[in-house]
Each structure stands twice: as C-alpha cells, then as structure tokens.
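Chains as they are written, first to last, in my numbering: chain A, 1452 to 1601; chain B, 454 to 662.
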C-alpha cells in the first residue's frame, strides 16, 4: 500500500454465495495527497489450491481478470497495472501453458482525489477460477476502496 | 472398647458406601457423556447434502460434487447442434454416447476435447458418439472458434437451461457422462482425467448392452 496507510488490513469478502467465492479483497484505507495522482494498491487473495486467469491469459477464449470502478465524485481513476501471471499447466496437458494468479496478488490503480476528504470507491473484480482439475463459472468480487486525501 | 469398635465399623461402612456411590455416579456420568458424543457423531453424519452433491461414490476423486447417475437411465434431451441439426439422445439408442459438458472459458475442457475427437474417429464405426454441450451460452462464432482450434469432429450444442439440471446440476466443468448402448449411465467424471481414463470409459460404454 502507499505511504500513509492509516489502519490495519481488514478482510472483506462480499462475493455471493460465500461458499463459492474464490477471491477475497483485502481492504486497506489509503492516504494520498489531494490533487496529485497516486498509484493505489488493491490487494486480493485467491483461495488455496485455486488459480484464476491473469489479466492477459494466453488464450483469447479464456476470461481475463478485470477490474472496474463506478464513478465517484471527486476521484478520477486512471491506468491500471495488473501483475504478470505465473505460467501454469494442467497435469494431463503439460504443454498447454496458461498464465494465472494464485495466492496473493496486487493491482495498482492510478487515482487522483480532487480535494481533501475521505472517499469510498466501489468496484468489481471479475475472474474465472479453476483448481488443478476443473473450472468454475466466472464470478465477481465487490471492492470498497477507502481513500483519505490530505 | 466394644462400643468404639462398633462405631469404627459403622464409620468404615458409611465411608465405603459413600465411595461406592461416588464411583457409581462417576461411571454413570462417563457413560452418559459417551452416549452424548456418539449421538453427536451420528448427527454429524446426518447433515443433508444440497441438490447435485454426491451422497455416495465409488470413485469420490472423480465424482465429487456430482449426482450419482450411474446405473440409471440417462436423462432425455433434444438440442440443436452448430449446423442446425436437432439431436435427441433417443435418436442415438443402441449407441455408446459420451455427453460432455464444457464451456469456452474452461481450459481443462479444451485439453480433453481433442481426445474425444480422436476417440470419435477411432470408435465411431463401433457405435460411439460424442456430444459436447456448451454450458456458457457462447455465440456461434465463439463455438466455431473453439471447435476449429481443438479440432472437434463431433456435434457441439448449446445447453438449454434444462439439460444440466437433468444431469444433476453442472456446477463446474468439465463433466462427462458415459452412456451405454442400453441407455444407462455407466460412468461419470468431473474434472480433467487422463486420456487413458477417457478411453477406458468409452470402452465400458461400448460394452454395456
């Protein structure tokens, strides 16, 4: 997270139904300087033994992990930077390589707060998860990012 | 002296009775606790499963989360293939049929689809027919794209919202049902298995009269 984190991490899991969510959003309020663009880091955790496609899967028919935000007064969102995926292959097809996220991963989003104040941005991360043998339908996880601009 | 001895005897008797009662009470409480634990254990085994979840399985690794249709008549369906042809399971009576649920976004599905195509070629003349049912409602172009990429030579169809439920609810992919010539499900698998397993299941379906 950026310098100026003002509280400890809080785990939010707003996916529904709960027992079928495979990605958790780990919310951390972020402090940034009003009027100056900053890269806000958003933390996600993929359930153990699962993986999701990266933002740029190698096959165009696969569903990439994407992030969208609803417009928020006073905050402008810009470029997003997704991490590179890890190469992955199913055991019965070792030559068919995919790029995936597993464990923890971070997405950086360029944000600018126009004025000092506290802002809550809402958005969704869309992903499609698999384990080592099977895949599950695409899902979304809700995001609530709290920004404190000074 | 005699009186003291009598008092001591009575005291010893009372103490013995108290100890015996205490021990008996302790044993009774332990037994009650044990019964309670056994009852809790039985309750834990009686938690109902949700629809579509397996209650028993000879091969839990490959069937986890699936309804067990083995030995039962395969659910009837009629769906339209990519080339517009209506295909009913009833039309394939006497053939060994593989009903494979897949999706365009399912990477392991696309690993096994070329195997199905290979076995369609190999066993088609013996009465084997593979059918692919897309669960993600893709466009015709998307299906054609996948079909071309993985070299599918068997009918691909769109699910109609009912066929998945009829097969016990398809919660994850791939799922495959191997139907014998007698119309009964002889084997079902979830997730990506090996090519050898697929071939063995096809042979099993061909052998089921």
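We put the beta carbon where it would ideally sit given N, CA and C, even for glycine. Nothing here was measured: the structure is a model prediction, and the numbers come from that model.
Excluding five sequence neighbours on each side, which residues of the same chain lie with their C-beta closer than 6 Å to the C-beta of residue i?
| i | result |
| --- | --- |
| residue 1533(A) | 1506, 1558 |
| residue 1556(A) | 1495, 1534 |
| residue 582(B) | 545, 548, 550 |
| residue 1488(A) | 1561, 1563 |
| residue 1447(A) | This structure gives no information on residue 1447(A), because the portion of chain A shown stretches from 1452 to 1601. |
| residue 563(B) | 603 |
| residue 514(B) | Model confidence at residue 514(B) stands at a pLDDT of 43, short of 50, so the residue's coordinates are unreliable; what they give is reported in the following sentence. Cβ neighbours of residue 514(B) beyond the five flanking positions: none. |
In chain order, what residues of the same chain lie with their CB nearer than 7 Å to the CB of residue i, ignoring the 5 residues before and after it?
| i | result |
| --- | --- |
| residue 559(B) | 626, 627 |
| residue 489(B) | At residue 489(B) the pLDDT is 36, less than 50, meaning the model places this residue with poor confidence and gives no usable figure here. |
| residue 576(B) | 655, 659 |
| residue 1457(A) | Note that residue 1457(A) has pLDDT 30, beneath the 50 cutoff, so the model's placement of it is unreliable and no number is given. |
| residue 539(B) | 531, 533 |
| residue 1509(A) | 1548, 1549, 1550 |
| residue 1594(A) | 1476, 1493, 1573, 1574, 1575, 1576 |
| residue 1601(A) | 1482, 1484, 1485, 1567 |
| residue 457(B) | none |
Hey, residue i and residue j are a contact pair by Cβ (cut 8 Å); roughly how many whole angstroms apart?
| i | j | result |
| --- | --- | --- |
| residue 661(B) | residue 637(B) | 7 Å |
| residue 1583(A) | residue 1480(A) | That belief does not hold up - the Cβ atoms of residue 1583(A) and residue 1480(A) are roughly 36 Å apart, past 8 Å. |
| residue 1503(A) | residue 1596(A) | About 20 Å; that fails the 8 Å criterion. |
| residue 1474(A) | residue 1554(A) | In fact, because the Cβ distance is near 11 Å, the residues do not count as touching under 8 Å. |
| residue 1585(A) | residue 629(B) | Actually they are not in contact, since the Cβ atoms of residue 1585(A) and residue 629(B) sit about 11 Å apart, beyond 8 Å. |
| residue 623(B) | residue 588(B) | 6 Å |
| residue 609(B) | residue 535(B) | 5 Å |
| residue 572(B) | residue 652(B) | 6 Å |
| residue 1541(A) | residue 591(B) | Not quite, the Cβ-Cβ distance comes to about 21 Å (not below 8 Å), so this is no contact. |
Pull the bridge partners of residue i from the DSSP assignment, please.
| i | result |
| --- | --- |
| residue 555(B) | 587(B) |
| residue 610(B) | 534(B), 586(B) |
| residue 1502(A) | 1581(A) |
| residue 1574(A) | 1520(A), 1594(A) |
| residue 1586(A) | 1581(A), 626(B) |
| residue 1561(A) | 1490(A) |
| residue 1483(A) | 1600(A) |
| residue 1549(A) | 1539(A) |
| residue 1568(A) | 1600(A) |
| residue 637(B) | 526(B) |
| residue 1556(A) | 1495(A) |
| residue 1507(A) | Note: residue 1507(A) sits in no beta bridge, so no partner. |
| residue 541(B) | 531(B) |
| residue 1528(A) | 1562(A) |
Please state if the CB of residue j and the CB of residue i are separated by a distance shorter than 8 Å.
| i | j | result |
| --- | --- | --- |
| residue 1577(A) | residue 1517(A) | yes |
| residue 632(B) | residue 578(B) | no |
| residue 1472(A) | residue 1560(A) | no |
| residue 519(B) | residue 621(B) | yes |
| residue 1602(A) | residue 1486(A) | Residue 1602(A) cannot be examined here, being either before or after the span of chain A that is shown, 1452 to 1601. |
| residue 657(B) | residue 1512(A) | no |
| residue 1477(A) | residue 1589(A) | no |
Between which residues of its own chain and residue i is the CB-CB distance below 8 Å, once the five residues before and five after are set aside?
| i | result |
| --- | --- |
| residue 607(B) | 569, 570, 573, 582, 583, 584, 585 |
| residue 635(B) | 661, 662 |
| residue 1531(A) | 1518, 1558, 1559, 1560, 1561 |
| residue 595(B) | 557 |
| residue 1501(A) | 1473, 1553, 1580, 1581, 1582 |
| residue 1529(A) | 1488, 1560, 1561, 1562, 1563 |
Report task. Determine contact between the segment 640-651 of chain B and the segment 528-545 of chain B, defined as no fewer than three beta-carbon pairs at a distance below 8 Å. Result -> no
Query raised in the report: Is the segment 1562-1576 of chain A close to the segment 1534-1549 of chain A, with three or more CB pairs under 8 Å?
Result: no
Query raised in the report: Any residues in the segment 549-565 of chain B with a beta carbon nearer than 9 Å to a beta carbon of chain C? Which ones, in chain order?
Result: Included in the structure are the protein chains A and B, with no chain C among them.
Query - Given 8 Å, three or more beta-carbon pairs between the segment 551-568 of chain B and the segment 603-617 of chain B - result: yes
Query - Three CB pairs or more closer than 8 Å across the segment 593-613 of chain B and the segment 567-582 of chain B - result: yes
Requested in this report: Could you tell me whether the segment 1567-1575 of chain A touches the segment 1539-1551 of chain A, using the rule of 3 or more Cβ pairs below 8 Å?
Outcome: no
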